[in-house]
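Chains as they are written, first to last, in the numbering used here: chain A, 121 to 563; chain B, 121 to 563. Beta carbons: idealized from backbone N, C-alpha and C, even for Gly. Everything below concerns the one structure shown next.
There are 2 protein chains.
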Amino acid sequence: MESLKIGLLGFGTVGKGTYDVLKRNQEEIKRRAGRGIEVTRIAVRDVAKARAGLGDDAARVPVDADSAALVDDPNVDIVVETIGGTGIARELVLRAIRNGKHVVTANKALLAVHGSEIFEAASTRGVMVAFEAAVAGGVPIIKALREGLTANRIQWIAGIINGTTNFILSSMRERGVDFATALADAQRLGYAEADPTFDIEGVDAAHKVTIMSAIAFGVPVQFDRAHVEGISALNSIDIRYAEELGYRIKLLGIARRAASGIELRVHPTLIPSKRLIANVEGAMNAVVVQGDAVGSTLYYGKGAGAEPTASAVVADLVDVTRLHTADPHNRVPHLAFQPESLSDTPILPIDEITSSYYLRLRVADVTGVLANITRILADRDISIEALLQKESEEVGAAGRNETDIVLLTHETVEKNINDAIAKIEALDTVKGAVTRLRMESMN
Amino acid sequence: MESLKIGLLGFGTVGKGTYDVLKRNQEEIKRRAGRGIEVTRIAVRDVAKARAGLGDDAARVPVDADSAALVDDPNVDIVVETIGGTGIARELVLRAIRNGKHVVTANKALLAVHGSEIFEAASTRGVMVAFEAAVAGGVPIIKALREGLTANRIQWIAGIINGTTNFILSSMRERGVDFATALADAQRLGYAEADPTFDIEGVDAAHKVTIMSAIAFGVPVQFDRAHVEGISALNSIDIRYAEELGYRIKLLGIARRAASGIELRVHPTLIPSKRLIANVEGAMNAVVVQGDAVGSTLYYGKGAGAEPTASAVVADLVDVTRLHTADPHNRVPHLAFQPESLSDTPILPIDEITSSYYLRLRVADVTGVLANITRILADRDISIEALLQKESEEVGAAGRNETDIVLLTHETVEKNINDAIAKIEALDTVKGAVTRLRMESMN
């Protein structure tokens, strides 16, 4: 059977990785897919650089800067989009779909923001848009959610889905350094970009968990409803106190089915140290999925890099090869649920979510203040799970004694704890702002 | 669209679990699959018991003892086989295939032993035989290997794929009890069967790793070539010494691509404690897959039980619903590789495998014997990675000093270490047999 012809948009890390893996493992891939899969055309901005990257293959594979011509090329069966961003990538993907071509993309921002438009266009035209590489690199988490766990009512998903921030959090904990130092190290070692905003402020993780929430719960992608908090404000003392209490702090993307809607949030989170996911260190990714039949499952691996990402892109290409002959209305739906069966369950505002909390506060007079704090919490039905009181130290010229108190609460609604915190901060004996972090038992 | 009609063979743990999950989540499943999936006929030996288990549904779903009539029933679209074993199950599965029905099964023994016959019959007839539930319960590891990692040349797989033995090993380590006590506890708690042979002697794990090896490397299932060793001879002192050296002992199913063939083996294995898989405790399962592009990935969850297994069976049913319209020659092949592309790479005899080793020996005179032992190892190019020498203790009426020495070696071929052990055991100062365990760095 004739090889499937791939048009590659972009030849950066992911584009070149895809090219390399397809070429190196072409025989193995053909034994699996039943036919060859070949890159037959490449469109890039920097043609000379791509040609240099292709080496000897430059003589064989046409490279130019005309991406529109590529998606219009009748000799291209599948378009692989590795440009990134939501501008030109969106236009090219939609144009490829209109031309009846299947599309494979690693572009999480594009799908989290414009997913509904893209998937609708693809359903109408009867083509596949595959995006395993958009979440957790080479870990087949999209496939697990969309196909492997279809028997389940998914209850929640929680994932370490940004390697940069996990690398930073690991170094903060293991080496006791502060955020700025850990970030600088990550940048030096190539784990963080020169402008790390998207990673450290949680935006990248929010794109990914938005996509997973849609697949898990059968709702449209709604990035604008996600609550997004990064790790740049995280104090290393909280990592230490959490450790003393038996917890690790991870940046989690969480999607949870609650009684009145869906929680969709990214923030630093305390997790019990004994949980498997708490032990995912460095730039590695892991996603825990809780389903009503299967219970808790976990998927772990490299979340970024040329070859792990290419692994997912090429798996998608093999999937398209295997499944493109299936009746489009029967075939695996883009978001796991049939387009006409998507639900309008609302995404809850962050005030309405339910969580346990870690509170750190600086107090002047422990005995007096503890009674006041516990009363404020009890008035709001917030019970305390654990309390850590550090030895007091002398502060300032007057030699007053001050100390840190750390409280872990049981579950409550977020607006409740915020209300309690406002009251606690108003106490005379409490110095400065209360630090509040969310906590998940992952049970 | 009309519902797909399922004929259920057997109504034990897995059969009833499948029925329950299909019923409870029918709406969610229909939203995903695009059509309903309904059990319309059940065949069991104990009809009265099944009717009792069905409760009110007994009035609606026909139950009888005629399994042949079920697989011949033109109104049944998919046969779910939950009988187990390799006798009648094999006959019924083959008959269903001949009748042009798709088959879903959780029967690892059947596929590990008769897989080639069954898959060939299914390919010839153009039907799907799905078996996600055969390995690691609800964890979609078959899907990950067969579809999620198709870009990769798989290098090795190592899995904790038997919950009973992992539960026993966890209690031996955590509570310091011996094998017999841990087994008795596991039986009392329902984690081990009255006759636990298949689990504790590694046979169940060998069935599962045999299936995974075929999918990973594109070879036929060859259970008779697997090396199978269980945990019943494991001494709790080795668990303790391993712990002191930074290792945990797990019963692993290992399939590895070596230079001259494939290693296929089940045995107790030392793994560095810091590896994620070393921290998989109790009855949980986990599989690590190493691919050349993706690197190391891990899949974790419950490996047994009614609902986790049903989760996989129902996911297979949804898969069949989604994919049965695809061209059979294009569709996902049963063993990941196209039937005509299976390779005849041999499974290596256990003597030919490469591993690191843990050796424990009882010696009378440490100084003299250590020189002898290291020379025996050095003569065979086996280098020592670590050595643990326990304080000596007085033994016997004569009051001689004896002590345990534990050695960890670097990698060598198994016949090499066996040869060295024979020489070591022949030394005067070495008392009794040398305990030898295999060790994997999981890198």
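- For the pair S380/B and H222/A, the Cα-to-Cα distance works out to about 40 angstroms.
- By DSSP's assignment, G373/B forms a beta bridge with G279/B, V386/B.
- Annotation for M248/B: H222, V440 place their beta carbon closer than 6 angstroms to its own, counting only its chain and skipping 5 residues before and after.
- The residues A163, V167, in chain order, have a CB closer than 7 angstroms to that of D184/B in the same chain once the five nearest residues on each side in sequence are set aside.
- For N219/B, the nearest beta carbon of chain A is not closer than 8 angstroms to its own beta carbon.
- By the C-beta density criterion, S561/B is exposed, having fewer than 16 other C-beta atoms within 10 angstroms.
- Pairwise C-beta distances place the stretch 447–462 of chain A out of contact with the stretch 364–378 of chain A, as fewer than three of them are shorter than 8 angstroms.
- At a cut-off of 8 angstroms between C-beta atoms, R245/B does not count as an interface residue with respect to chain A.
- Straight-line measurement puts the Cα of V341/A at about 17 angstroms from the Cα of R151/B.
- Distance between A336/B and I470/B, taken at the CA atoms: about 19 angstroms.
- Not flagged as an interface residue toward chain B: V183/A, since no C-beta distance is shorter than 8 angstroms.
- One Cα belongs to I238/A, the other to I126/A, and the distance between them is close to 20 angstroms.
- Going by C-alpha positions, V213/B is about 20 angstroms away from G257/B.
- Annotation for L507/B: the continuous beta strand (DSSP E) segment containing it runs 504–509.
- Of all residues in the stretch 233–262 of chain B, the ones placed with a Cβ closer than 8 angstroms to any Cβ belonging to chain A are E252, G257, G258, V259, P260, in chain order.
- Scanning its chain for C-beta atoms nearer than 7 angstroms, with the 5 sequence neighbours on each side dropped, one finds around R266/B the residues I335, V452, A456, in chain order.
- Note on geometry: alpha-carbon atoms of V533/A and A540/A lie some 11 angstroms from one another.
- Here DSSP, grouped into helix, strand and coil, assigns N563/B to coil.
- When secondary structure is reduced to three states using DSSP, L230/A falls in the helix class.
- For the options L508/B, A278/B, S475/B, M121/B, the alpha carbon positioned closest to that of H530/B is the one of S475/B.
- Chain A has no Cβ within less than 8 angstroms of the Cβ of D464/B.
- Less than 8 angstroms separates the beta-carbon of V407/B from that of Y419/B.
- The C-alpha of E294/B lies about 27 angstroms from the C-alpha of V409/A.
- Legend: CB atoms of the stretch 414–434 of chain B lying less than 7 angstroms from CB atoms of chain A belong to residues V414, G415, S416, T417, L418, Y419, Y420, G421, K422, E427, P428, A430, S431, V434.
- As the crow flies, the alpha-carbon of E514/B is around 21 angstroms from that of R360/B.
- At least one CB atom of chain B sits nearer than 8 angstroms to the CB of D447/A.
- Rounded to the nearest whole angstrom, the CA to CA distance from V414/B to Q275/A is 28 angstroms.
- If you draw a straight line from the Cα of R480/A to the Cα of L354/A, it comes to about 12 angstroms.
- Listed in chain order, the alpha helix (DSSP H) elements of length 4 or more contained wholly in the stretch 425–511 of chain A are 426–443, 486–499.
- Secondary structure note for T225/A: its beta strand (DSSP E) is the uninterrupted segment 222–225.
- In the assembly as shown, P194/A is an exposed residue. Its beta-carbon has fewer than 16 other beta-carbons within 10 Å.
- Interface annotation, E122/B: not in contact with chain A, CB-CB separation never under 8 angstroms.
- The closest CA to that of R180/A, considering only R161/A, D192/A, A498/A, M332/A, is found on R161/A.
- Taking CB atoms only, S461/A has a neighbour in chain B less than 8 angstroms away.
- Chain order gives no chain B residues near I357/A, where near means a beta carbon separation below 9 angstroms; the closest approach is about 26 angstroms.
- In the three-state DSSP reduction, Q307/B falls in the helix class (H, G or I).
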